[in-house]
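Working notes for the structure below.
Chains as they are written, first to last, in our numbering: chain R, 711 to 821; chain G, 284 to 397.
Here it is in structure tokens:
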């Protein structure tokens, strides 16, 4: 069974610091990787996707992928209180299997 | 372009009642999915449809049935609702190429079974 592991947290980070969220996955055939942000009582919203090894930057967010280590991370620079949410890592092998989600990391940005 | 839409947004059922959750996508994606999310959990796959006319079980299929009505629509049916099916249900669709993939997630249906 495919597994996606995340530290459930809570991860507490001071405002303005870098928040680092980590995710490991079990299926070496995974091709696509996604980070979602979910506020309490709301639906997940896509932050970033990454497909190749290395870094991908989008504004204050950077996704990092290392397929050899089966590891994907999300960095949030200049963290804001509005970044406080649960962050879901999701992995897609390819084809029609859909996404396998982790349980999420609860991030708290302290003012 | 509405993406993935779901109806209803919220529903309360009594134990033993039946209902169908509706999902539609306008992105011309071949594959569609139903997930459920329980408190403190990620999304878990209930059923999926790789293409029109096919459906397959996911991680937690017990108590559910699905119908891929056409390329756009994928419904989830609870024949006899149980309190354990209280959850938030998300429909999704996807498009995959070897170098790229798109995954659209619906807004969710909150279901309470009393």
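C-beta: ideal position from N, C-alpha, C; glycine also.
List in chain order: all unbroken beta strand (DSSP E) runs of 3+ residues lying wholly within the stretch 297-378 of chain G.
-> Listed in chain order, the complete beta strand (DSSP E) runs (minimum 3 residues) inside the stretch 297-378 of chain G are 302-308, 314-320, 326-332, 348-351, 357-361.
Residue-level contact to chain R via CB, residue 330 of chain G, 8 angstroms cutoff = no
Is the Cβ of residue 390 of chain G closer than 8 angstroms to any Cβ of chain R?
-> yes
Hey, does residue 821 of chain R have any beta-carbon neighbour from chain G nearer than 8 angstroms?
-> no
Are the CB atoms of residue 757 of chain R and residue 746 of chain R nearer to each other than 8 angstroms?
-> yes
DSSP state of residue 793 of chain R mapped onto helix, strand, coil = Correct three-state label for residue 793 of chain R: helix.
Mind checking whether residue 302 of chain G and residue 361 of chain G have CB atoms under 8 angstroms apart?
-> yes
Please state if the CB of residue 327 of chain G and the CB of residue 372 of chain G are separated by a distance shorter than 8 angstroms.
-> no
Do the stretch 801-815 of chain R and the stretch 739-753 of chain R meet, that is, are 3 or more Cβ pairs less than 8 angstroms apart?
-> Counting C-beta pairs with one atom in each stretch, the stretch 801-815 of chain R and the stretch 739-753 of chain R have three or more that are closer than 8 angstroms, which means they touch.
For residue 395 of chain G, does the count of other Cβ atoms within 10 angstroms reach 16, so buried, or fall short, so exposed?
-> Classification for residue 395 of chain G: exposed.
Compare the Cα-Cα distances from residue 315 of chain G to each of G:336, G:322, G:292 and report the closest residue.
-> G:336
My guess is that residue 732 of chain R and residue 783 of chain R are in contact by the Cβ rule of under 8 angstroms, so how many angstroms apart are they, rounded?
-> Residue 732 of chain R to residue 783 of chain R, Cβ: 5 angstroms. Contact.
Sequence-distant residues of its chain with Cβ nearer than 6 angstroms to residue 766 of chain R (five each side left out) | 760, 773
What residue range is occupied by the uninterrupted beta strand (DSSP E) comprising residue 766 of chain R?
-> 764-768
Neighbouring residues, chain R, relative to residue 302 of chain G (Cβ below 8 angstroms) = The contacting residues do not exist; residue 302 of chain G stays about 20 angstroms from chain R at best.
Distance, residue 792 of chain R Cα to residue 726 of chain R Cα = Roughly 12 angstroms separates the two Cα atoms.
Based on Cα-Cα distance, which residue from R:712, R:711, R:722 lies nearest to residue 815 of chain R?
-> R:722
Could you tell me whether any Cβ in chain R is nearer than 8 angstroms to the Cβ of residue 286 of chain G?
-> no
Name the two residues that bound the continuous beta strand (DSSP E) containing residue 393 of chain G.
-> 392-396
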